[in-house]
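Accompanying notes for the structure given below.
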Amino acid sequence: MAAVATIFRAVTYRGREGQIAWMLHRVTGVGVFLFLALHITNIFLMSFPSDVFNSVLIFYHSVLFKLVSIFGLYLGVLYHALNGIRVMIVDFWPGAGKYQAPLWRIQLVIFVLVFVPSATVMLVRMF
Amino acid sequence: MQAQSFGRSRPAQASGPGRSGNLERSAWLFTRISAVVLLVMAVFHLLYMHIALGMDAISFQLIAWRWQFPGWRLFDLVLLVFGWLHGANGMRIVIDDYVHSPVGRIVARTLLFAVTATLIVLGAFVILTFKSA
Chain A
1 MAAVATIFRA
11 VTYRGREGQI
21 AWMLHRVTGV
31 GVFLFLALHI
41 TNIFLMSFPS
51 DVFNSVLIFY
61 HSVLFKLVSI
71 FGLYLGVLYH
81 ALNGIRVMIV
91 DFWPGAGKYQ
101 APLWRIQLVI
111 FVLVFVPSAT
121 VMLVRMF
Chain B
1 MQAQSFGRSR
11 PAQASGPGRS
21 GNLERSAWLF
31 TRISAVVLLV
41 MAVFHLLYMH
51 IALGMDAISF
61 QLIAWRWQFP
71 GWRLFDLVLL
81 VFGWLHGANG
91 MRIVIDDYVH
101 SPVGRIVART
111 LLFAVTATLI
121 VLGAFVILTF
131 KSA
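So the protein lines, in turn, are chains A and B.
Just so we're aligned: the first sequence equals residues 1 to 127 in my numbering.
Just so we're aligned: the second sequence equals residues 1 to 133 in my numbering.
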């Protein structure tokens, strides 16, 4: 399988910031895409009587799903968004390419500064 | 030397007689335009549903309340179309990266197209036809 070989090479290839940033962008992108498929299918259930939608929500209101939504979905969306901003900065301002590695580290600092307080609020609201 | 090639991920514009555009370049541009839209809308949607309302508050009744307002329906419709097409275009690139056999590509692209058409139709259908009590 090409995918297995790719994952093996990705893990063993000693790439630096750029490769890690790209890999995380792809993994979070595919993850959010798969969630979105579930999410749209789920919202389509609004076409049926209310108990259909509400009975599916038991799954969404479970502790496991809430944890996944914070440390999977929200974390993934936030990384993908911040990394996307960095990609666009470098795309439209090629001079910034020289600083892509420090830009990525700044991006990680911003990620932590945004994620930790907002995820804490989500966790507090959850329990 | 190397610095010249930094950041040149933009596919070249097709040129020459009879070539008004280049699909790959349009897809590249769409990814960035939708990214900026989603940067505002998807992040707002997530924070609004998870922090302002809270996940436990989400129910049929809550969505029905939101869809009383045409503005929310429009917001959800734009989010649906831009969000899914941004993701589908990304998946198209992922498929091209990992699926090399011609048959595999046809199967994967057809599947992606079918899922895209189905989900956008289903999503738009419920957003536009939902009857507020």
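All C-beta atoms, glycine included, are put in the ideal place defined by N, C-alpha and C.
For secondary structure counted as the alpha helix (DSSP H) over 4 or more consecutive residues, the stretch 25–107 of chain A holds these complete runs in sequence order: 50–60, 63–68, 75–92. For Q68(B), the three-state secondary structure derived from DSSP is coil.
For H45(B), the uninterrupted alpha helix (DSSP H) segment begins and ends at 23–47. W72(B) has its alpha-carbon roughly 10 Å from the corresponding atom of V78(B). Judged by DSSP secondary structure, G15(A) falls outside any alpha helix (DSSP H); it is assigned neither H nor E. Within the stretch 57–85 of chain B, contact with chain A at the beta-carbon level (separation under 9 Å) is assigned to I58, S59, F60, Q61, I63, A64, W67, D76, L80, G83, W84. In terms of beta-carbon proximity, F71(A) stays away from the interface with chain B, with every pair separated by 8 Å or more. Between V77(A) and V32(A), the CB-CB gap stays under 8 Å. Taking a Cβ-Cβ cut-off of 8 Å, the neighbours of N54(A) in chain B comprise S59, F60, given in sequence order. Per DSSP, the continuous alpha helix (DSSP H) segment holding L128(B) begins and ends at 102–129. One Cα belongs to S47(A), the other to W93(A), and the distance between them is close to 46 Å.
With respect to chain B, the C-beta atom of M23(A) has no partner C-beta closer than 8 Å.
Look at I58(B) here: in three-state DSSP terms it is coil, with no helix or strand label.
Within the model, the alpha-carbon separation for I106(B) versus R125(A) is close to 46 Å.
I85(A) and V81(B) have their C-alpha atoms roughly 21 Å apart. No Cβ of chain A is located within less than 8 Å of the beta carbon of M41(B). Under the three-pair Cβ rule at 8 Å, the stretch 90–110 of chain B does not count as touching the stretch 53–70 of chain A. The shortest C-alpha to C-alpha distance from A101(A) to any of R26(A), R16(A), A119(A) is the one to R16(A). Listed along chain A are M88, D91, each with a C-beta nearer than 8 Å to that of R32(B).
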